[in-house]
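Here the sequence shown is numbered in our numbering, starting from 566 and rising by one per residue. What follows is one structure encoded as structure tokens, with my remarks underneath.
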Amino acid sequence: MDMTEKEKANERIEFLRKEIRFHDRKYYVENNPVISDYEYDQLLKELEDLEKQYPDLITPDSPTQRVGGEP
Numbered sequence: 566m567d568m569t570e571k572e573k574a575n576e577r578i579e580f581l582r583k584e585i586r587f588h589d590r591k592y593y594v595e596n597n598p599v600i601s602d603y604e605y606d607q608l609l610k611e612l613e614d615l616e617k618q619y620p621d622l623i624t625p626d627s628p629t630q631r632v633g634g635e636p
């Protein structure tokens, strides 16, 4: 069975959230970033765009819902 666009978006959103959390930890906790700020910003922007397109997929623990400070 083919996935719907929303299902594909949900998979991508979950991937992006995990990826962003990983990079947050590397940057803030370990002080050892593995991607550039630009690459990080691109991941976050893609997540924000998908969540705008599918607002019902936004969760309280999404990196886009965090307000300032370390994760």
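Cβ coordinates follow ideal geometry from the N, Cα and C atoms, glycine included. Note that the coordinates shown come from a computational prediction; the quantities given were computed from them, not determined experimentally.
- Reduced DSSP category for Thr629 - H, G, I as helix; E, B as strand; rest coil: Note: Thr629 maps to helix in three-state DSSP.
- Task: Give the secondary structure of Glu576 by DSSP, where H, G and I count as helix, E and B as strand, and everything else as coil.
- Result: In the structure shown, the three-state DSSP call for Glu576 is helix.
- Output yes or no for whether 8 angstroms exceeds the beta carbon distance between Ile585 and Leu615. No, Cβ-Cβ distance for Ile585 and Leu615 is not below 8 angstroms.
- Using the C-alpha atoms, what's the distance from Lys610 back to Pro625? Pro625 and Lys610: Cα-Cα distance of roughly 17 angstroms.
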